[in-house]
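K.L.:
Per the numbering used here, the sequence shown runs over residues 6 to 588.
Cβ coordinates follow ideal geometry from the N, Cα and C atoms, glycine included.
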Amino acid sequence: GGATVTYWDLARDTDFKRQATAKVKPKPPAEHKWVGKSIARRDIPKKFTGGAAYVQDVRLPNMVFGRVVRPPSPGAQLLSVDEAAARRLPGVVAVVRDGSFLAVAAEREEQAIRAREALTRSARWKETASLPPTGEALYRQLMSSPAPGDTVVEKASSVAGAPVKTLEALYTRPYQSHGSIGPSCAVAQWQDGKLTVWTHSQGVFPLRADLAKVFGLKPQDIRCIHAEGAGCYGHNGADDVALDAALMARATRGRPVKLQWMRDDEFMWAPYGSAMAVKLSGGIDGQGNIVSWSHEMWSHPHSTRPGSSAGVNLLAARHLAQAFQPVLPADVPQPAGGAARNAIPLYDFPNVKVVKHYIAEAPLRTSALRTLGGYANVFALESFVDELALVAGADPVELRLNHLKDARGRAVIEAAAQRAGWQPGLLGDGTRGRGFAFAKYKNLACYCATVADVEVDRTTGRVSVTRVVAAVDAGQIVNPDGVINQIEGGIIQSASWTLMESVRFDRTRVTTRSWSDYPILRFTEVPEVEVVLLDQPAERFLGVGEGAQGPAAAAIANGIANATGKRLRALPFTAERVKQALA
Numbered sequence: 006g007g008a009t010v011t012y013w014d015l016a017r018d019t020d021f022k023r024q025a026t027a028k029v030k031p032k033p034p035a036e037h038k039w040v041g042k043s044i045a046r047r048d049i050p051k052k053f054t055g056g057a058a059y060v061q062d063v064r065l066p067n068m069v070f071g072r073v074v075r076p077p078s079p080g081a082q083l084l085s086v087d088e089a090a091a092r093r094l095p096g097v098v099a100v101v102r103d104g105s106f107l108a109v110a111a112e113r114e115e116q117a118i119r120a121r122e123a124l125t126r127s128a129r130w131k132e133t134a135s136l137p138p139t140g141e142a143l144y145r146q147l148m149s150s151p152a153p154g155d156t157v158v159e160k161a162s163s164v165a166g167a168p169v170k171t172l173e174a175l176y177t178r179p180y181q182s183h184g185s186i187g188p189s190c191a192v193a194q195w196q197d198g199k200l201t202v203w204t205h206s207q208g209v210f211p212l213r214a215d216l217a218k219v220f221g222l223k224p225q226d227i228r229c230i231h232a233e234g235a236g237c238y239g240h241n242g243a244d245d246v247a248l249d250a251a252l253m254a255r256a257t258r259g260r261p262v263k264l265q266w267m268r269d270d271e272f273m274w275a276p277y278g279s280a281m282a283v284k285l286s287g288g289i290d291g292q293g294n295i296v297s298w299s300h301e302m303w304s305h306p307h308s309t310r311p312g313s314s315a316g317v318n319l320l321a322a323r324h325l326a327q328a329f330q331p332v333l334p335a336d337v338p339q340p341a342g343g344a345a346r347n348a349i350p351l352y353d354f355p356n357v358k359v360v361k362h363y364i365a366e367a368p369l370r371t372s373a374l375r376t377l378g379g380y381a382n383v384f385a386l387e388s389f390v391d392e393l394a395l396v397a398g399a400d401p402v403e404l405r406l407n408h409l410k411d412a413r414g415r416a417v418i419e420a421a422a423q424r425a426g427w428q429p430g431l432l433g434d435g436t437r438g439r440g441f442a443f444a445k446y447k448n449l450a451c452y453c454a455t456v457a458d459v460e461v462d463r464t465t466g467r468v469s470v471t472r473v474v475a476a477v478d479a480g481q482i483v484n485p486d487g488v489i490n491q492i493e494g495g496i497i498q499s500a501s502w503t504l505m506e507s508v509r510f511d512r513t514r515v516t517t518r519s520w521s522d523y524p525i526l527r528f529t530e531v532p533e534v535e536v537v538l539l540d541q542p543a544e545r546f547l548g549v550g551e552g553a554q555g556p557a558a559a560a561i562a563n564g565i566a567n568a569t570g571k572r573l574r575a576l577p578f579t580a581e582r583v584k585q586a587l588a
């Protein structure tokens, strides 16, 4: 509801017939009326009260409800299924089988779910053991890949002294799920040979292009209408379910289909954040300076979205009888980077080498999960800085400041330390400790420094993050409350990734199917979060999204080490893993 106005109405008296010179002087900060003020979000009331806020809430006249029956494992082929029995179930409108793609639509949602269950019971599949080993063997296999090392950056100094102490460490991150609270969903309708899809895709035009390839249509004959999804942290199942719904809707004679994934679909088939291995080595001279630094990482793709390559990057397309295969994409290039995001240290080390091993073919489907490779790289980099500080006998905050010339970065570090009451050289008491970490997201977005207070139950191994203080410089701040929201959300999500989240699988199947298999941080476990904003009204916007995830992870790791004297390098820091480290 509410009044509407077009851009052309607003631009009625504007003369566009002039050259774009890029020399227009920006409005002085003092003249802004709304920039710099917190403005309430209009979307929150409906979300808070259960109103129609998401694509899952879309309702169209004469709409039916769909469910898809996925293979039990990657590469599985459908041999047989009792379609006739499913069609006889109450409310069933249509059953679609095309190769190994299997879906059902019904008048009511619960009827579609029952039909899905019946199809699942009767389906017979041919499976192969195609998944990697688990545990440490996963990372050994990843690091043994023949993918050549690509030097991201290398610099050398003949002035720096030789190291008198050296250190090497390996850090690992597992496959992780988006864990979207609302399962992926889309509504599709065919009319007069044209397709309309309501979708929470982050890229409606690349999605349209891939849908056009699958259906042999001109892109202009497909309309993708964006509707927000209930939790999306990159490339989850939003695009895939749009194709599912469109395939199902071809069989419903013009009736719109709302097709929503089940929780096991989401955990087993939405793209994951890639597992990564990060090996760091460094050297310290006689004065306690870091004089050498090497960062080497191994990773699968961090972007296999529609439009990222010449193929069709939609899940069901590869299951059809006439399959459309994806084309393996190149890595996201620098400076933002994919696998190597945030691998180049912001610190002023004289000798630096960063090497990336990009393994395009992955045993599990991977794509963009918030920060791409930045989460793992910052976790490793900032953990290793603390490890070197211990070797050098230096305070972690002082060591960072001693190696950083960037004035804005220094100010963020100092602000976080001051607000948190950082005490140089203070050790934990065996159960309680605190850790520090810092990063500039992508090395070109916001600066963020975090101090995490943690408590470790030495009997159970359970880690609690009790308080996090973050200082942020995002350039000129438009909406302070929005910046705080982003940092708070990033810290909470990172705490969940860091302490709990890991996709489970055996050599054939993904065994993570429900929240009991994939616990996430609960409301009772959310830390107190305080965000300090360093507004820069005269500076350009830097962007704040995803800036806190990496520093929060490293601060938690450093806090555990400070509390217990034990360094954890393999994510996540589950109670079992912590208990083993303390044994």
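Use the C-beta contact count for residue 239: other C-beta atoms within 10 angstroms, 16 or more gives buried, fewer gives exposed.
P.N.:
buried
K.L.:
In this structure, does DSSP put residue 478 in helix, strand or coil?
P.N.:
strand
K.L.:
Whole angstroms are fine: how far does the CA of residue 265 sit from the CA of residue 67?
P.N.:
Each residue's Cα considered, the two are about 17 Å apart.
K.L.:
Report the CB separation of residue 562 from residue 378 in whole angstroms; it is logged as a contact under 8 Å.
P.N.:
At roughly 17 Å, the Cβ-Cβ gap does not stay under 8 Å, so residue 562 and residue 378 are not in contact.
K.L.:
Kindly identify the DSSP beta-bridge partner or partners of residue 584.
P.N.:
For residue 584, DSSP records no beta bridge to any residue.
K.L.:
In whole angstroms, give me the CA-to-CA distance for residue 196 and residue 550.
P.N.:
39 Å
K.L.:
Which residue's Cα is closest to the Cα of residue 370: 32, 577, 181, 48?
P.N.:
181
K.L.:
Kindly indicate if chain D contains any beta-carbon less than 7 Å away from that of residue 19.
P.N.:
Going by chain labels, chain D is absent from the structure shown, which holds only one protein chain.
K.L.:
Does the segment 310-328 come close enough to the segment 423-430 that 3 or more CB-CB pairs lie under 8 Å?
P.N.:
no
K.L.:
Could you give the C-beta distance for residue 492 and residue 536, rounded to a whole number, given that I count them as a contact under 8 Å?
P.N.:
5 Å
K.L.:
Would you mind reading off the limits of the beta strand (DSSP E) that contains residue 322?
P.N.:
First-last for residue 322: undefined, no H or E at that position.
K.L.:
The beta strand (DSSP E) with residue 141 in it runs from where to where?
P.N.:
No beta strand (DSSP E) contains residue 141, which is instead part of the alpha helix (DSSP H) from 141-148.
K.L.:
Tell me, which residues are paired with residue 82 by DSSP?
P.N.:
Residue 82 is bridged to 131.
K.L.:
Count the other CB atoms, across all protein chains shown, that sit within 10 Å of the CB of residue 12; report buried if there are 16 or more and exposed otherwise.
P.N.:
Under this definition residue 12 is an exposed residue.
K.L.:
Starting from residue 155, follow its DSSP beta bridges and name the residues at the other end.
P.N.:
361
K.L.:
Starting from residue 458, follow the beta strand (DSSP E) in both directions and report where the run begins and ends.
P.N.:
Membership of residue 458 in the beta strand (DSSP E) is indicated by the continuous run 452-461.
K.L.:
Residue 63: which of 233, 461, 356, 330 sits nearest, CA to CA?
P.N.:
233
K.L.:
Taking one C-beta from the segment 241-256 and one from the segment 175-195 each time, how about it: are there three or more such pairs within less than 8 Å?
P.N.:
yes
K.L.:
What separation, rounded to the nearest whole angstrom, lies between the Cα atoms of residue 532 and residue 472?
P.N.:
Those two C-alpha atoms are separated by around 5 Å.
K.L.:
Measure the alpha-carbon distance for residue 275 versus residue 165 and round it to whole angstroms.
P.N.:
Cα to Cα, the separation comes out at about 48 Å.
K.L.:
Measuring CA to CA, which of 407, 262, 560 is closest to residue 99?
P.N.:
262
K.L.:
Could you check which residue in 133, 174, 45 has the C-alpha nearest to that of residue 83?
P.N.:
133
K.L.:
For the pair the segment 330-338 and the segment 463-481, tell me if three or more CB-CB distances fall below 8 Å.
P.N.:
The segment 330-338, when compared against the segment 463-481, does not touch it at the 8 Å Cβ threshold.
K.L.:
Could you tell me whether the segment 209-229 touches the segment 281-297, where touching means 3 or more Cβ pairs closer than 8 Å?
P.N.:
These segments do not touch.
K.L.:
Count the other CB atoms within 10 Å of the CB of residue 284; is the residue buried (16 or more) or exposed (fewer)?
P.N.:
buried
K.L.:
What residue range does the beta strand (DSSP E) around residue 440 cover?
P.N.:
437-445
K.L.:
What does the Cβ neighbour count give for residue 259, buried or exposed, with the cut at 16 atoms within 10 Å?
P.N.:
exposed
K.L.:
Evaluate the contact criterion for the segment 375-392 versus the segment 441-451: three or more CB pairs, one atom per stretch, below 8 Å.
P.N.:
yes
K.L.:
With a Cβ-Cβ cutoff of 7 Å, do residue 486 and residue 43 count as a contact?
P.N.:
yes
K.L.:
Give me whichever residues DSSP pairs with residue 177 in a beta bridge.
P.N.:
Answer is 282, 575, bridged to residue 177.
K.L.:
Below 7 Å between beta carbons: does that hold for residue 436 and residue 461?
P.N.:
Result yes, Cβ atoms of residue 436 and residue 461 sit closer than 7 Å.
K.L.:
Please classify residue 163 as buried or exposed, where buried requires at least 16 other C-beta atoms within 10 Å of its C-beta.
P.N.:
By the 10 Å Cβ count, residue 163 comes out exposed.
K.L.:
List the DSSP bridge partners of residue 301.
P.N.:
284, 360
K.L.:
Quick check: the Cα distance between residue 553 and residue 41, rounded to an integer number of angstroms?
P.N.:
21 Å
K.L.:
I'd like to know whether the C-beta atoms of residue 311 and residue 215 end up nearer to each other than 7 Å.
P.N.:
Going by C-beta atoms, residue 311 is nearer than 7 Å to residue 215.
K.L.:
Which residue's Cα is closest to the Cα of residue 356: 567, 96, 60, 161?
P.N.:
161
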